[in-house]
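For the record, the sequence lines run as chains Y and G. The C-terminal position of the first sequence is numbered 303 in my numbering, with every residue numbered one higher than the one before it. The C-terminal position of the second sequence is numbered 339 in my numbering, with every residue numbered one higher than the one before it.
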Amino acid sequence: MIARSVSRVLHGRRNFYLALLLAPPLLWLGTVYLASLFALLAQSFYAIDEFTARVVPELTLKTYRQLVGHPANVDIILRTLLMAIAVTLASAVIAFPIANYMARYAGPRMKALFYVGVMLPMWTSYLVKVYAWRLLLAKEGIVSWALTGLGLQGTLDRLLAVPVVGGPSLASSYIGMFIVFVYMWLPFMILPLAAALERVPQSLLQASADLGARPGQTFRNVVLPLALPGLAAGSIFTFSLTLGDYIIPSVVGAPGYFIGMMVYQQQGTAGNMPLAAAFSIVPILLIAIYLALARKMGAFDAL
Amino acid sequence: MSSTPAIELRDASRAFGPVVALDRVALTIAPGEFFALLGPSGSGKTTCLRLIAGFDHPDSGQVLLDGLDVTDVPPFERNVNTVFQDYALFPHMNVADNVAYGLRVRGIAAAERRKRALEMLDLVQLESFADRKSTQLSGGQKQRVALARALINQPKVLLLDEPLGALDLKLREEMQTELKSLQQRLGITFVFVTHDQGEALSMANRVAVFNAGRIEQLDTPRALYTRPKTAFVAGFVGSANVVEPELAARLTGRAQAFAIRPELIRILADGAVPAGYVSAEGVLENILYHGASSRCHVRTDGGAVFAVAQPESGGAATLPAPGTRVRVAWPQASAVPLE
Numbered sequence: 001m002i003a004r005s006v007s008r009v010l011h012g013r014r015n016f017y018l019a020l021l022l023a024p025p026l027l028w029l030g031t032v033y034l035a036s037l038f039a040l041l042a043q044s045f046y047a048i049d050e051f052t053a054r055v056v057p058e059l060t061l062k063t064y065r066q067l068v069g070h071p072a073n074v075d076i077i078l079r080t081l082l083m084a085i086a087v088t089l090a091s092a093v094i095a096f097p098i099a100n101y102m103a104r105y106a107g108p109r110m111k112a113l114f115y116v117g118v119m120l121p122m123w124t125s126y127l128v129k130v131y132a133w134r135l136l137l138a139k140e141g142i143v144s145w146a147l148t149g150l151g152l153q154g155t156l157d158r159l160l161a162v163p164v165v166g167g168p169s170l171a172s173s174y175i176g177m178f179i180v181f182v183y184m185w186l187p188f189m190i191l192p193l194a195a196a197l198e199r200v201p202q203s204l205l206q207a208s209a210d211l212g213a214r215p216g217q218t219f220r221n222v223v224l225p226l227a228l229p230g231l232a233a234g235s236i237f238t239f240s241l242t243l244g245d246y247i248i249p250s251v252v253g254a255p256g257y258f259i260g261m262m263v264y265q266q267q268g269t270a271g272n273m274p275l276a277a278a279f280s281i282v283p284i285l286l287i288a289i290y291l292a293l294a295r296k297m298g299a300f301d302a303l
Numbered sequence: 001m002s003s004t005p006a007i008e009l010r011d012a013s014r015a016f017g018p019v020v021a022l023d024r025v026a027l028t029i030a031p032g033e034f035f036a037l038l039g040p041s042g043s044g045k046t047t048c049l050r051l052i053a054g055f056d057h058p059d060s061g062q063v064l065l066d067g068l069d070v071t072d073v074p075p076f077e078r079n080v081n082t083v084f085q086d087y088a089l090f091p092h093m094n095v096a097d098n099v100a101y102g103l104r105v106r107g108i109a110a111a112e113r114r115k116r117a118l119e120m121l122d123l124v125q126l127e128s129f130a131d132r133k134s135t136q137l138s139g140g141q142k143q144r145v146a147l148a149r150a151l152i153n154q155p156k157v158l159l160l161d162e163p164l165g166a167l168d169l170k171l172r173e174e175m176q177t178e179l180k181s182l183q184q185r186l187g188i189t190f191v192f193v194t195h196d197q198g199e200a201l202s203m204a205n206r207v208a209v210f211n212a213g214r215i216e217q218l219d220t221p222r223a224l225y226t227r228p229k230t231a232f233v234a235g236f237v238g239s240a241n242v243v244e245p246e247l248a249a250r251l252t253g254r255a256q257a258f259a260i261r262p263e264l265i266r267i268l269a270d271g272a273v274p275a276g277y278v279s280a281e282g283v284l285e286n287i288l289y290h291g292a293s294s295r296c297h298v299r300t301d302g303g304a305v306f307a308v309a310q311p312e313s314g315g316a317a318t319l320p321a322p323g324t325r326v327r328v329a330w331p332q333a334s335a336v337p338l339e
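Listed below in structure tokens is the structure:
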């Protein structure tokens, strides 16, 4: 009886009904996400008093001057940015054939197997995986053991001898860090890419071939442009996840700082909340620039 | 036929797992023909088209184009173009770029491409749509763009997969006329797949009727209609009363199945059967008014139902009421014996 009369009241009042449904998620999004983001943004326009180590609640650009004026800070930003770009490119190159196979060639059983296989690593603890990789990549680890067994010890040594990206072992070099990053974020590239490729009708590829395009031309002119939204979505994941991560750089790789580590350190041990906030604005800005570029290149035209 | 056939299938077979889609099909299509592959869904007609286009490979047998064996030649090296059932226009390109695609992959310069694409669009009366996005077109417009795109490479053969299937009735009739006149103007071979017998009869010079992976009959539209060889063709092309051998034996004295078209049957008011007519007695069950003609169903005493088409100009208005006992009759010579 009550359910019926409630239904009768709601029926025909579409906007009221919609507002009722949307209110909780909008409140959540507004307060928890956006409000805290703006609070963070506001923090970065404060500065710390050097003597008392207290935050002075006055609007100033002093923290930003400190951020971009310090060569060490600029290094950290550049290092993180380059790593994010490298990880994104490598993920795209590795993910494309896998996603293409999943979307176009695999039978139903094989496809299910691939989806589980891609997602399975995400079910285990992130920390366990990172520490496992440190052991795998260690000087006496299985990777270097296997390479030695294959007679590739010399190649590994030459790779590690490359300045900047090399190091005493894979586990303590940027190459190792790069490998772990790619491993971690690859599923986030494969899944949206496979979804985008699955939406490309087979008849478009046939039409391209029918009109005289060789397989390479069909890939460049039809598959790639139509997969761009998926590639863009995946690269937003890999790019932003690398920009923000602080655990992988502190467990694997060379001792140089990354943005995430700086945020962690500044708001924790150093107690410089405004600088931590300013550092966290950097990935937001970089992703905004990245999205603007992707849009300009037509990544979202086919949406 | 002295000239080389445009298309030839030699005993082409194709199976998908346990399902035999094409069973040793042999087919010869002459240059300049407007040829229809007609059949219900799953009869093998589309597989046949895919073999000609090169999207599929026969398990056995050969495909020849212009006398050359192209069985192992990929689609991008065949001088054949296709209009797809869903049109398959590239959603990320505008209309002109879609039409020019065949030239682009051949490395023709952009200005020349554009010029020729506009010429093709002119041919299908869509020149003013060149810079529209292909997703902004109506079904009929997409169809014309697909046609222009397929014709820009000047193929010797144009394949059309259910070209009118997605259009509404009026547009379909318009496009039938347009396709027919386009084919006559260009003089190239058109091969189209359809499940609509009316479409096949009105457009094609010759029709291959497919059933269960085989060609049941290959003939001109008129021959298919007036002299169907099998019960399947008689029933699929137009409508027909197929009389089984037992009933045929009782009516005519010969135990051979035959088909008789509804419009050739007369309903006799009085008992007199004209000379040379075969007749059967039964109950007039119902009358469906269709305007130009009315369709009646007469259940004979043996249980078989005859469909009879009575033209408006030929006494449809004076038919007896349903439930009346009547006599149906047709000239013996009009009955088509079936295999």
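By construction, the Cβ of each residue, glycine as well, lies at the ideal position given by its N, Cα and C atoms.
Per DSSP, the bridge partner or partners of residue i
i: residue 73 of chain Y; result: The partner list for residue 73 of chain Y (beta bridge, DSSP) is empty, contrary to what the question assumes.
i: residue 133 of chain G; result: G/94
i: residue 258 of chain Y; result: BP columns for residue 258 of chain Y are empty, so no partner.
i: residue 367 of chain G; result: As displayed, chain G neither begins before 1 nor continues past 339, which places residue 367 of chain G out of reach and without an answer.
i: residue 241 of chain G; result: G/260
Coarse secondary structure for residue i, derived from DSSP in three states
i: residue 156 of chain G; result: coil
i: residue 144 of chain Y; result: helix
i: residue 256 of chain G; result: coil
i: residue 139 of chain Y; result: coil
i: residue 173 of chain Y; result: coil
i: residue 96 of chain Y; result: helix
i: residue 309 of chain G; result: strand
i: residue 12 of chain G; result: strand
i: residue 272 of chain G; result: coil
i: residue 1 of chain G; result: Only weak support is given to the placement of residue 1 of chain G: the predicted model assigns it a pLDDT of 47, under 50, and the value that follows is read from those uncertain coordinates. DSSP places residue 1 of chain G in coil when its eight states are reduced to three.
i: residue 60 of chain G; result: strand
i: residue 152 of chain Y; result: coil
i: residue 126 of chain G; result: coil
i: residue 13 of chain Y; result: coil
i: residue 87 of chain G; result: coil
i: residue 120 of chain Y; result: helix
Beta-carbon spacing of residue i, residue j below 8 Å
i: residue 34 of chain Y; j: residue 277 of chain Y; result: no
i: residue 118 of chain Y; j: residue 191 of chain Y; result: yes
i: residue 189 of chain Y; j: residue 234 of chain Y; result: yes
i: residue 156 of chain G; j: residue 205 of chain G; result: no
i: residue 14 of chain G; j: residue 22 of chain G; result: yes
i: residue 254 of chain Y; j: residue 167 of chain Y; result: yes
i: residue 338 of chain G; j: residue 259 of chain G; result: yes
i: residue 55 of chain G; j: residue 206 of chain Y; result: yes
i: residue 124 of chain Y; j: residue 243 of chain Y; result: no
i: residue 8 of chain G; j: residue 37 of chain G; result: no
i: residue 302 of chain G; j: residue 247 of chain G; result: yes
i: residue 210 of chain G; j: residue 43 of chain G; result: yes
i: residue 156 of chain Y; j: residue 173 of chain Y; result: no
i: residue 164 of chain Y; j: residue 175 of chain Y; result: no
i: residue 94 of chain G; j: residue 45 of chain G; result: no
Contacts around residue i, its chain only, beta-carbon distance under 6 Å, and the 5 residues preceding and following it disregarded
i: residue 305 of chain Y; result: Outside the shown range of chain Y, which is 1 to 303, sits residue 305 of chain Y, and nothing can be said about it.
i: residue 149 of chain G; result: 98 and 99
i: residue 1 of chain G; result: Annotation note: pLDDT 47 at residue 1 of chain G (below 50); position unreliable, no value reported.
i: residue 222 of chain Y; result: 204 and 208
i: residue 263 of chain G; result: 309
i: residue 135 of chain G; result: 91
i: residue 113 of chain Y; result: none
i: residue 200 of chain Y; result: 226
Beta-carbon proximity list for residue i, same chain, < 7 Å, skipping 5 on both sides
i: residue 290 of chain Y; result: 239
i: residue 272 of chain Y; result: 48 and 266
i: residue 99 of chain Y; result: 190, 193, 194 and 197
i: residue 20 of chain Y; result: none
Neighbour list for residue i in chain C, Cβ cutoff strictly below 7 Å
i: residue 203 of chain Y; result: Protein chains in the displayed structure are Y and G, and chain C is not among them.
Residues near residue i in its chain [Cβ-Cβ closer than 8 Å; skip 5 each side]
i: residue 283 of chain G; result: 298, 299, 323, 324, 325 and 326
| task | Could you run through the region 96-122 of chain G and flag, in chain order, every residue whose CB is less than 7 Å away from some CB of chain Y? | result | 101, 102, 105 and 106
| said: Taking beta-carbon pairs under 9 Å, can you tell me which members of the region 208-231 of chain Y lie near chain G? | reply: 208, 209, 210, 211, 212, 213, 214, 215, 217, 218, 221, 222, 225, 226 and 228
| task | Pull out every residue of the region 80-94 of chain G whose Cβ sits closer than 9 Å to any Cβ of chain Y, in chain order. | result | 80, 81, 82, 84, 85, 86, 87, 88, 89, 90, 91, 92 and 93
| the region 61-78 of chain G: which residues have C-beta closer than 9 Å to a C-beta of chain Y, in chain order? | 74, 75, 76, 77 and 78
| When you check each C-beta in the region 294-327 of chain G against every C-beta of chain Y, which residues fall closer than 7 Å? | none
| Closer than 9 Å, Cβ to any Cβ of chain Y: which residues of the region 121-150 of chain G, in chain order? | 146, 149 and 150
| request: Please name the residues in the region 36-65 of chain G whose beta-carbon is closer than 7 Å to at least one beta-carbon of chain Y, in chain order. | output: 53 and 55
| field | Under 7 Å (Cβ pairs) to chain Y, residues found in the region 151-167 of chain G | value | 153
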